[in-house]
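Report on the structure given below.
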Amino acid sequence: MVDKYQRRINYLRISVTDKCNLRCRYCMPETGVEIKSHDGILRWEELLRMVQAFKDEGVDRVRITGGEPLVRKGLLSFIQDMNMLGFEEISLTTNGILLKKMAGELKESGISRINISLDSLDKEKYAWITRGGDIRKVFQGIDAAFQAGLEPVKLNVVVVKGFNDDEVMDLALLAKNQPLHVRFIELMPIGAGSIWGADSFVSTKETKKQIERLGSLVPAEIIGNGPAEKWRIDGFQGTVGFISAISQHICDRCNRVRLTADGRIYPCLHGTNYVSCFNALRNGDSQENIKRLIRQVMEIKPREHQLGSQGRMMNTIGG
Numbered sequence: 071m072v073d074k075y076q077r078r079i080n081y082l083r084i085s086v087t088d089k090c091n092l093r094c095r096y097c098m099p100e101t102g103v104e105i106k107s108h109d110g111i112l113r114w115e116e117l118l119r120m121v122q123a124f125k126d127e128g129v130d131r132v133r134i135t136g137g138e139p140l141v142r143k144g145l146l147s148f149i150q151d152m153n154m155l156g157f158e159e160i161s162l163t164t165n166g167i168l169l170k171k172m173a174g175e176l177k178e179s180g181i182s183r184i185n186i187s188l189d190s191l192d193k194e195k196y197a198w199i200t201r202g203g204d205i206r207k208v209f210q211g212i213d214a215a216f217q218a219g220l221e222p223v224k225l226n227v228v229v230v231k232g233f234n235d236d237e238v239m240d241l242a243l244l245a246k247n248q249p250l251h252v253r254f255i256e257l258m259p260i261g262a263g264s265i266w267g268a269d270s271f272v273s274t275k276e277t278k279k280q281i282e283r284l285g286s287l288v289p290a291e292i293i294g295n296g297p298a299e300k301w302r303i304d305g306f307q308g309t310v311g312f313i314s315a316i317s318q319h320i321c322d323r324c325n326r327v328r329l330t331a332d333g334r335i336y337p338c339l340h341g342t343n344y345v346s347c348f349n350a351l352r353n354g355d356s357q358e359n360i361k362r363l364i365r366q367v368m369e370i371k372p373r374e375h376q377l378g379s380q381g382r383m384m385n386t387i388g389g
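Residues 71 to 389 (the working numbering) make up the sequence shown, in order.
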């Protein structure tokens with residue numbers, strides 16, 4: 071697919087559920103979250119129809135997100151069915167809490183690599199930012215991912231001033247003795263993240279300056295067309311990366327669309343415009359009509375994001 075700005079759109083992110091077993095403070099509030107009813111989200115067979123339609127339109131890579139995707143029953147069968155469609159890559163983003171017991175099955179089902187959210191190495195700070203998460207389960211999940219061959223294993227770190235900006239170097243050092251890819255992400259003012267304010271923001275420039283104390287950053291090969299910069303440090307098995315959605319203009323290389331669990335196709339993470347496929351799928355519309363809806367999304371994909379869309383929580387769209 072090509073949008074009206076001649077960007078090739080070949081990457082689909084699917085939020086298979088808005089439910090999560092954590093309540094990360096920059097993602098969703100502790101209470102008052104309206105979780106979609108079972109009938110209000112797409113069934114697995116409807117999601118598979120959408121995935122097939124996106125593939126027919128030119129998507130060759132898919133990432134499964136949530137909420138927390140591992141909490142939805144039937145996920146493994148869905149991945150197996152999707153794997154039969156012949157995508158170049160199917161990956162998954164998780165908080166890692168359930169990964170220890172599922173890593174092997176995920177690999178067997180067709181997941182090729184995995185991203186794990188980890189915002190602190192301190193068990194008390196981790197429990198605070200996630201509202202009760204057990205960091206030990208995350209590290210068990212990381213080990214299980216390596217054992218299952220879900221590589222490269224990427225760690226996503228949202229940098230927040232006054233919370234974990236003093237841990238940046240320690241987090242980067244995780245990539246020294248194992249082939250982890252540690253990615254530092256700027257805090258985005260969307261959903262629950264918008265309540266933190268400008269004082270909590272840490273730019274990539276500031277984060278990079280800290281990490282350079284560990285050694286010179288050498289550009290690493292970037293595969294694909296994603297938003298992350300990737301760097302190597304001499305003596306490190308893994309890499310460090312930076313996603314700078316706020317401080318740098320990265321929209322010109324955007325290659326993705328997002329499908330939510332309730333059937334909304336968003337052309338931009340930060341935008342409010344979307345096209346819904348829910349009724350078309352539930353009513354049994356033709357596959358050609360489904361693909362027509364996808365093409366409509368290409369027409370409304372903006373040149374660049376307009377930050378400040380506070381009406382949606384990150385758990386509903388999958389970041």
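All residues carry an ideal CB built from backbone N, CA and C; glycine is no exception. This structure is a prediction, so every number in the text was calculated from the model and none was measured.
Environment of residue i [buried if 16+ CB atoms lie within 10 Å]
i	result
M152	buried
A331	buried
Y344	buried
V272	buried
D170	Before going on, a small fix: residue 170 reads as Lys here, not Asp. It is buried - the Cβ of K170 has at least 16 other Cβ atoms within 10 Å.
T101	exposed
M239	exposed
S379	Below a pLDDT of 50, predicted positions are generally treated as unreliable, and S379, at 47, falls in that range; no measurement from the model is reported.
I105	exposed
A268	exposed
G359	Looking at the sequence provided, one finds Asn at residue 359 rather than Gly. Label assigned to N359: exposed.
N349	exposed
E178	exposed
H375	buried
R77	buried
M154	exposed
S107	exposed
N234	buried
T342	exposed
DSSP-derived helix/strand/coil call for residue i
i	result
S379	In this predicted model, S379 has a pLDDT of only 47, less than 50, meaning its place in the structure is not dependable enough to derive any value.
F157	coil
S317	coil
I364	helix
E256	strand
F271	strand
R95	coil
R373	coil
I105	coil
D355	coil
F44	This structure leaves residue 44 out entirely; the chain is present only between 71 and 389.
C90	coil
R113	coil
D322	helix
E221	coil
K246	coil
E276	helix
E100	coil
Strand pairing of residue i, partner residues [DSSP]
i	result
S187	N226
P289	W301
T309	H251
V72	R78
I335	L329 and V345
S85	T135
N- and C-terminal bounds of the alpha helix (DSSP H) containing residue i
i	result
D213	I205 to A218
E194	K193 to T200
L241	V238 to A242
Hey, which unbroken runs of the alpha helix (DSSP H) at 4 residues or more fall wholly within the stretch 126-182?
-> The alpha helix (DSSP H) runs of length 4 or more contained entirely in the stretch 126-182 are, from start to end of the chain, 145-153 and 169-179.
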